[in-house]
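Quick note: the first sequence, position 8, residue 37 per this note's numbering, numbers continuous.
Where a beta carbon is used, it is the ideal one built from N, C-alpha and C, also for glycine.
From a predicted model like this one, the values you see are computed outputs, not experimental measurements.
Read the structure below first, then the notes.
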Amino acid sequence: MPQFWLLKCEPNAYSIHDLVRDGRTKWEGIRNYQVRNFLRDTMEVGDLGVFYHSNAAPSGAAGIVRISQSRLADPSQFEASAAGFDPKSNRAQPTWLMCEVEFVECFAQVVALETLRAERGLAEMQILRRGNRLSITPLTEAEFDIIGRLGRSFTEAGERGIPAERGQRTRG
DNA sequence: GCCAACGTTGGC
DNA sequence: GCCAACGTTGGC
30 MPQFWLLKCE
40 PNAYSIHDLV
50 RDGRTKWEGI
60 RNYQVRNFLR
70 DTMEVGDLGV
80 FYHSNAAPSG
90 AAGIVRISQS
100 RLADPSQFEA
110 SAAGFDPKSN
120 RAQPTWLMCE
130 VEFVECFAQV
140 VALETLRAER
150 GLAEMQILRR
160 GNRLSITPLT
170 EAEFDIIGRL
180 GRSFTEAGER
190 GIPAERGQRT
200 RG
């Protein structure tokens, strides 16, 4: 049984389109203990994730990824010149972990934050809570399915991040 | 650029 | 262990 995640990234730094090009990428640079604990204790290869663009116009869900590697040591914690350098960490017991994600799907348009907020089934989603700052958060399967359905509901006519239809649609 | 919210740091 | 100061995040 896969688990489900929402992974935030600023598209200025790395976007879903970069992942389309690369196929897979290391999700490095996490320096928050709550997120580290997800990476260490919970996330497994085969889990599915929503790729979320933050600090964007519009911010929102941009596509789907799959976890292709888990529990990797983040090498930048050992690099003195790196922004995420952590002099207290050591190679025998790295403090900071990362995962690798592989591309699954790019939505025709970003499902805008405004659209996510309007969806009743997403009311409990952590990303929508005030002050949420975790870059990786768990989703329920129902939340993941709703976001996937919204992402697939765009037609070419829709141009403002507003879904053209919201009919029932099954996953896969 | 503003600002609310939250995490981290460090003095005590 | 408390808590004020500071830094970061991210929507707007």
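Using the beta-carbon count (16 or more within 10 Å), is residue i buried or exposed?
i    : result
Q155 : exposed
R3   : This structure cannot settle anything about residue 3, because the visible part of the chain is limited to 30 through 201.
S110 : exposed
Y81  : buried
V49  : exposed
D47  : exposed
G160 : exposed
E170 : exposed
M30  : exposed
R178 : buried
F183 : buried
G52  : exposed
P116 : exposed
T71  : exposed
Q138 : buried
L157 : exposed
L151 : buried
Identify the continuous alpha helix (DSSP H) that holds residue i and give its terminal residues.
i   : result
V49 : I45 to D51
Q63 : Y62 to N66
Between which two residues does the beta strand (DSSP E) holding residue i run?
i    : result
A137 : L126 to A141
Q214 : Because the chain here runs from 30 to 201, residue 214 falls outside it and cannot be looked at.
K37  : F33 to C38
F183 : It is not in any beta strand (DSSP E) - F183 carries neither H nor E in the DSSP assignment.
G78  : L77 to H82
Name the DSSP bridge partner or partners of residue i?
i    : result
A147 : For A147, which the question treats as bridged, DSSP gives no partner whatsoever.
T169 : According to DSSP, T169 bridges with nothing at all.
K55  : E129
For the putative contact between residue i and residue j, defined by C-beta atoms under 8 Å, what is the C-beta separation to the nearest angstrom?
i    : j    : result
S83  : C135 : Not really, about 17 Å apart at Cβ, beyond 8 Å.
P87  : A147 : Going by Cβ atoms, the distance from P87 to A147 rounds to 13 Å, so no, they are not a contact pair.
V74  : I59  : That belief does not hold up - the Cβ atoms of V74 and I59 are roughly 17 Å apart, past 8 Å.
L101 : F173 : 23 Å between Cβ atoms; not a contact.
G89  : I45  : About 11 Å; that fails the 8 Å criterion.
F132 : S118 : Rounded, the Cβ-Cβ distance is 30 Å, inconsistent with contact.
S105 : E153 : In fact, because the Cβ distance is near 33 Å, the residues do not count as touching under 8 Å.
N61  : L168 : About 18 Å separates the two Cβ atoms, so there is no contact after all.
V130 : V94  : 4 Å
W34  : I165 : 6 Å
Decide if the region 53-67 is in contact with the region 121-134; the criterion is three or more beta carbon pairs, one per stretch, under 8 Å apart. At 8 Å Cβ cutoff, the stretches touch.
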